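Enquirer:
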Amino acid sequence: VEYNRQKMEVDARLRKAVIPNLQPDTSYDFKITSPEGNMGGLRHRIHAKTSPPILIRRPEVDHTRETEPTVTIILPSLDTWSNV
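In the numbering used here, the protein residues as written are 2 to 85.
(1) Output the boundary residues of the beta strand (DSSP E) element that contains L23.
(2) Do V62 and I74 count as a contact pair if the criterion is CB distance below 8 Å?
(3) Considering only the beta carbon of each residue, do T27 and K50 sit closer than 8 Å?
(4) Cα separation between F31 and I57?
(5) Give the secondary structure of L76 by DSSP, where H, G and I count as helix, E and B as strand, and everything else as coil.
In structure tokens:
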């Protein structure tokens, strides 16, 4: 697998790979080459974009409310919205 002038070896029998250190909300072009069994090897190009950064916070219990049979939970807000 080649991307951003970097190469990494991947065992094709696994049919998947983890590519570390990708930046959020960034487009990448990957070139996949298999030198085995073919003249010049199989070649594929893949264009992919990573998701925007996602901040994950836990919901919080609102202790300022004093209604006894009810629990109020404050959910984290979403800072950005984007269409998928």
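Even glycine gets a Cβ: it sits at the ideal position worked out from N, Cα and C. If you're wondering where the values come from, they're calculated on a predicted model, not measured in any experiment.
Expert: The answer reads as follows:
(1) Taking the sequence shown and counting its residues from 1, the one referred to as residue 23 is at position 22. Counting along the chain, L23 falls outside any beta strand (DSSP E), and DSSP gives it neither H nor E.
(2) The count along the sequence shown starts at 1 and reaches residue 74 at position 73. The count along the sequence shown starts at 1 and reaches residue 62 at position 61. Yes, the pair counts as a contact, with Cβ atoms nearer than the cut-off.
(3) The residue given as residue 27 occupies position 26 in the sequence shown. The residue given as residue 50 occupies position 49 in the sequence shown. Yes, the Cβ-Cβ distance between T27 and K50 is below 8 Å.
(4) As a working mapping, residue 31 is identified with position 30 in the sequence shown. As a working mapping, residue 57 is identified with position 56 in the sequence shown. When rounded, the distance between both Cα atoms is 29 Å.
(5) Taking the sequence shown and counting its residues from 1, the one referred to as residue 76 is at position 75. Correct three-state label for L76: coil.
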